[in-house]
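**Q** With numbering that gives the first Met the number 0 as the guide, the letters of the sequence shown map in order to residues 0 to 714. Don't be surprised by glycine CBs; every beta carbon is placed ideally from N, CA and C. These figures come from a predicted structure and were not determined experimentally.
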Amino acid sequence: MSDEILFKPNVPKEIKESVNNGTLAVFIGAGVSSIVGCERWDQLANSLVKKCYDKGFINFKESEELSKIQDHKKTISICYHIMNGSNKIDIFYDIMKNSLKEDEDIAIPNIYDDIYKLRGLFITTNADTHFDRLFNTPNILYQRQNFKYNKIDQTNLYHIHGSIRETDSLIFTVASYMERYNDSDFGTFLQRIFREYTVLFIGYGLGEFEILDFLLRKDKNNKIKSPPRHFMLYPLYTGQENILKYMQSYYSDLRINICAYAIDKKGYRQLEDVIKHWNKEINQITDFLPKSFEQLDAVMQTKSKTKIMRTLQKIKNDKSLEDYFFKILAVDRKPIKWLIPLKGAGYFNPNNNPKPQEVHNKKGYYTVPSWNILDALKNMSLRNEENPLEEVTEILIEIVNGIISYRVDGKRIDNYKTDSKILEIISHIPISYINKNHIDFIKDAIYSNFATSLMDRVICELFLPKLIHEKNIDLIIELLKVIFLYRELDISGDRRCISGMDIYYLKQTIDKNKSGIASLCPVDAVRVGLEKVKEILTKYNGRFSFIWIPTIEDHPQTRFPDKYECQLVHFIRDMLESSQPKEIEAIVNDMLKSKHDIMKRLAYHTIRHHYKNLSHLLWNIEGNPLSPLTMHELYELLKSRCKDFSQQQINLLLGWIDSMELYVPDEIKENHEKRASYEAYYKKEWLLSLDSANPDVKKKYDEYHAINDASYDHP
């Protein structure tokens, strides 16, 4: 070892080798706990003495004598017996919990996160639980029966002096120390570690090694004269090389090398920098990660619950291992055995859903992280869809429902990547488990602050086709209400409606699924569409103008067929065409009576399509229906069906044409001849829609033609 005291000493080659061999054991002492905020032994001892005096358990002189004791563990043990004898042991444990900051939020991440990355077997003599968060609950061991020499597992955390989470397990009195270290199982457990592992001590001082000294000297296999093979990180000041030399001579008898680090600049917190530095060296130089990747590949086929739990602990605090594991789990043919363990380990907790993160120096720009476990969960839902198991389905839907219902201060986590994958998972769940809550989730997701194309694609290609395949009409209708949601924008004073979905995927969703919808519930779908049209018309009367929608049928004149209003109208058209005439008769009749031109135009188009069954609606219209605003659809209706008109109907039409009201330009209103010619010109247009072979039609056409030809050459 180097005699120089550095701020960041290098990692000893023996420790690097032990990481490669999987034989590094890390003992964690009170110095680490104090860095994260726990009180030191002297502070706890002083607090206990003060409480004993304040409560009248001891007098002032006795408190003074106790305060002078240099062995703080001895003082703590005495206070324990005093309070226990006064039937106030609960006060003792309250003070201990307070000193360990059990009910306080400790800054995260902290030194424990870096210690974990040392890739060792972890043993702690600390009673606090601040390291516990890095371990799954089954891997946190602190009871005497957990310390078996033949069951040492590198994925466990061993609290060999007990844990404050269960006070009966704590070891801090002389009697409890003696009982624990004289226990044959416990002694064999520690002896095996010191015999087979390279041990690194972190956070220990001189006063904490009496028991280890006793243990190491007791080990018959420990040859004192052999070279030291264990290590201790120890704080010193630069210039204290002589002290380092003296300490090394003492610890050599215990086969421990001193790795000194300088604390001149940061004090005891320098340990944080040392551990970070060691992490970097260990992860760059050792082959821990490549070996771990190989182990993850191999463990995918296991059925052993023990190996599964060890794997989950192995990946728990290593993002690279976790990402790799979830990547291979996302394509594994038999992933479901991991579902319950992953759920138990908290991987599907909704608060793990990554929140959008604002990118600094780019105002208004956010990045949205991916939740790395969801592809694996999707794979599980796919495999369960192939061979459904009720137990698995119920766990899947429980996870999904927990995520979609999760709120923070009443607000959902707006992560469009998560939303799209959750909908994919829902799309593979049996239909009996899907309900309106899932449709409401889609609605929330479509109203995201971010692009929704990922979500829209799943609606188009997976979710809606599933509802259609399962013939779930109720959910189809609820989903259509969501699909046709719109946003309102004010662009330079122009109020507009835009689709909640991406307009490309809105069109794809309609085009790919309209035949399925039409085969199941066209009339209900019509009602959904019409309600949306009416809603928009109450706010923006001109949104369905013939300028934007020149024809109801598909036509080259329609310049913006992807426009939200156009897609909505065309969907209604297609559903009306697919409906049984008797089922839509009342709807079409109401549309004819509407004050809105778009409703009349849709009605005329529908009558044209279903003329045999709905023609009576045309001939029973009250008043004169001829209008330039609805001309195209009514004209096409008359033109395509004129061969079927009776003479009575022809006469009715001629009467409508004769009496129709026309817009007349101001410059010719007072000129009788030009006005007559102008009106005759437009009435001739309507006559062209009728059968010219009909004598009455021909006669009327010649009459209008003569008037128009004689006095006004209309442009």
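Which ranges would you report for the alpha helix (DSSP H) in the stretch 379-440 if only whole runs of at least 4 residues count?
**A** Those alpha helix (DSSP H) runs which fall completely within the stretch 379-440 and span 4+ residues are 389-404, 415-426.
**Q** With the cut-off set at 8 angstroms, would you say P340 and I314 are in Cβ contact?
**A** Here residue 340 refers to the residue found at position 341 when the sequence shown is read from its first residue. Here residue 314 refers to the residue found at position 315 when the sequence shown is read from its first residue. Contact: no.
**Q** Can you tell me whether DSSP reads A297 as helix, strand or coil?
**A** Looking up residue 297 in the sequence shown gives position 298. DSSP places A297 in helix when its eight states are reduced to three.
**Q** Would you identify the three-state DSSP class for Q142, choosing helix, strand or coil?
**A** On the sequence shown, position 143 is the one that residue 142 refers to. Coil at Q142, not helix or strand.
**Q** Cα-Cα, which of Y111, I516, E321, G499 is closest to V31?
**A** Taking the first residue of the sequence shown as position 1, residue 31 is located at position 32. Ranking Y111, I516, E321, G499 by Cα distance to V31 puts Y111 first.
**Q** With three or more C-beta pairs closer than 8 angstroms as the rule, is the stretch 131-151 touching the stretch 178-194?
**A** Yes, since at least three Cβ pairs between the stretch 178-194 and the stretch 131-151 fall closer than 8 angstroms, the two stretches touch.
**Q** Shortest alpha-carbon distance to L505 belongs to which of E384, L453, Q142, S380?
**A** Here the question's residue 505 lines up with position 506 in the sequence shown. The shortest Cα separation from L505 among E384, L453, Q142, S380 belongs to L453.
**Q** Name the two residues that bound the continuous beta strand (DSSP E) containing H726.
**A** Here the chain has residues from 0 to 714 only, and residue 726 is not among them.
**Q** I'd like the span of the beta strand (DSSP E) that includes T537, first residue to last.
**A** For the purposes of this step, residue 537 is identified with residue 538 of the sequence shown, where counting begins at 1. Premise fails: T537 lies in the alpha helix (DSSP H), 521-538, not in any beta strand (DSSP E).
**Q** Is L253 helix, strand or coil when you go by DSSP?
**A** The count along the sequence shown starts at 1 and reaches residue 253 at position 254. It is coil, neither helix nor strand.
**Q** Taking L461 as the reference, which of I482, H427, N471, L474 has the closest Cα?
**A** Position 462 of the sequence shown holds residue 461. For L461, the nearest C-alpha among the options comes from H427.
**Q** Would you call the CB atoms of V457 and L422 closer than 8 angstroms?
**A** Position 458 of the sequence shown holds residue 457. Position 423 of the sequence shown holds residue 422. Yes. Within cutoff.
**Q** Buried or exposed: M177, going by 16 or more other Cβ atoms within 10 Å of its Cβ?
**A** Residue numbering aside, residue 177 sits at position 178 when the sequence shown is read from its first letter. Counting Cβ neighbours within 10 Å, M177 comes out exposed, since fewer than 16 surround it.
**Q** Give the DSSP-derived three-state secondary structure of T550 in the structure shown.
**A** Indexing the sequence shown from 1 puts residue 550 at position 551. Here T550 sits in coil by DSSP.
**Q** Taking just the CA atoms, how far does K15 sit from I281?
**A** Along the sequence shown, one-based indexing puts residue 281 at 282. Along the sequence shown, one-based indexing puts residue 15 at 16. Near 6 angstroms, if we compare the C-alpha coordinates of K15 and I281.
**Q** Look at S578 and V522 and say whether their C-beta atoms are less than 8 angstroms apart.
**A** Numbered from 1 along the sequence shown, position 579 holds the residue referred to as residue 578. Numbered from 1 along the sequence shown, position 523 holds the residue referred to as residue 522. Taking 8 angstroms as the Cβ cut-off, S578 and V522 qualify as a contacting pair.
**Q** Taking the CB atoms as reference points, tell me whether K511 and F570 lie closer together than 8 angstroms.
**A** Indexing the sequence shown from 1 puts residue 511 at position 512. Indexing the sequence shown from 1 puts residue 570 at position 571. It is not a contact, given that the beta carbons lie outside the stated cut-off.
**Q** Give me the residue from A602, T154, N155, T124 with the minimum Cα distance to G204.
**A** On the sequence shown, residue 204 is found 205 positions in, with the first residue counted as 1. Taking only the C-alpha atoms, the option nearest G204 is T124.
**Q** With which residues is F121 paired in a DSSP beta bridge?
**A** If you number the sequence shown from 1, residue 121 lands on position 122. Partner(s): V25, L156.
**Q** Comparing the CB of D690 with every heavy atom of the ligand NAP, is any distance shorter than 7 angstroms?
**A** As presented, the structure is devoid of all ligands, the ligand NAP included, so that no description of it is given.
**Q** What alpha helix (DSSP H) runs, 4 residues minimum, are completely inside the stretch 76-114?
**A** Counting whole runs of 4 or more residues, the stretch 76-114 contains the alpha helix (DSSP H) stretches 88-98.
**Q** What does the alpha-carbon distance come out to for the pair S447 and N414?
**A** By 1-based counting over the sequence shown, the position of residue 447 is 448. By 1-based counting over the sequence shown, the position of residue 414 is 415. For S447 and N414, the distance between alpha carbons rounds to 8 angstroms.
**Q** What does DSSP give as the partner residues of L5 in its beta bridges?
**A** Taking the first residue of the sequence shown as position 1, residue 5 is located at position 6. In DSSP, L5 forms a bridge with Y260.
**Q** Comparing alpha-carbon positions, which option in Q42, N83, D53, M95 lies nearest D70?
**A** Within the sequence shown, numbered from 1, the residue matching residue 70 stands at position 71. It is Q42.
**Q** Identify whether P234 lies in helix, strand or coil by the three-state DSSP scheme.
**A** Counted from its first residue, the sequence shown places residue 234 at position 235. If DSSP states are grouped into helix, strand and coil, P234 belongs with the strands.
**Q** Where DSSP assigns a beta bridge to Q556, which residues make up the other side?
**A** Here residue 556 corresponds to residue number 557 of the sequence shown, with the count starting at 1. Beta-bridge pairing links Q556 to no other residue.
**Q** For the alpha helix (DSSP H) containing L651, list its first residue and its last residue.
**A** Numbered from 1 along the sequence shown, position 652 holds the residue referred to as residue 651. Start and end: 646-658.
**Q** Is it buried or exposed for N9, if we count other Cβ within 10 angstroms and need 16 for buried?
**A** Residue numbering aside, residue 9 sits at position 10 when the sequence shown is read from its first letter. Label assigned to N9: exposed.
**Q** Whose C-alpha, out of C520, L133, I445, G161, is nearest the C-alpha of Y141?
**A** Position 142 of the sequence shown holds residue 141. Answer by Cα proximity: G161.
**Q** Are the stretch 165-172 and the stretch 130-137 touching, with three or more C-beta to C-beta distances below 8 angstroms?
**A** No contact exists between the stretch 165-172 and the stretch 130-137.
**Q** Nearest CA to the CA of R228: which residue from R194, D455, R411?
**A** Stepping through the sequence shown from its first residue, residue 228 is reached at position 229. Nearest of R194, D455, R411 to R228, Cα basis: R194.
**Q** Taking the alpha carbon of L717 as the point to measure from, which residue in W277, N348, L633, F325 has its own alpha carbon closest?
**A** The requested residue 717 is not part of the displayed model; the chain covers only 0 to 714.
**Q** Taking the alpha carbon of I729 as the point to measure from, which residue in T508, T451, C496 has its own alpha carbon closest?
**A** In this structure the chain extends from 0 to 714, so residue 729 is not present and cannot be described.
**Q** Of all the alpha helix (DSSP H) runs that stay within the bounds of the stretch 331-366, which reach a length of 4 or more residues?
**A** Entirely contained in the stretch 331-366, the alpha helix (DSSP H) runs reaching 4 residues are, in chain order, 338-343.
**Q** Restricting to Cα atoms, I'd like to know which of V273, K265, Y249 is closest to A259.
**A** The count along the sequence shown starts at 1 and reaches residue 259 at position 260. Measuring from the Cα of A259, the nearest candidate turns out to be V273.
**Q** Using 8 angstroms for Cβ pairs, my map puts K683 next to H704. What's the rounded Cβ distance?
**A** On the sequence shown, position 684 is the one that residue 683 refers to. On the sequence shown, position 705 is the one that residue 704 refers to. That pair is a contact at about 6 angstroms.
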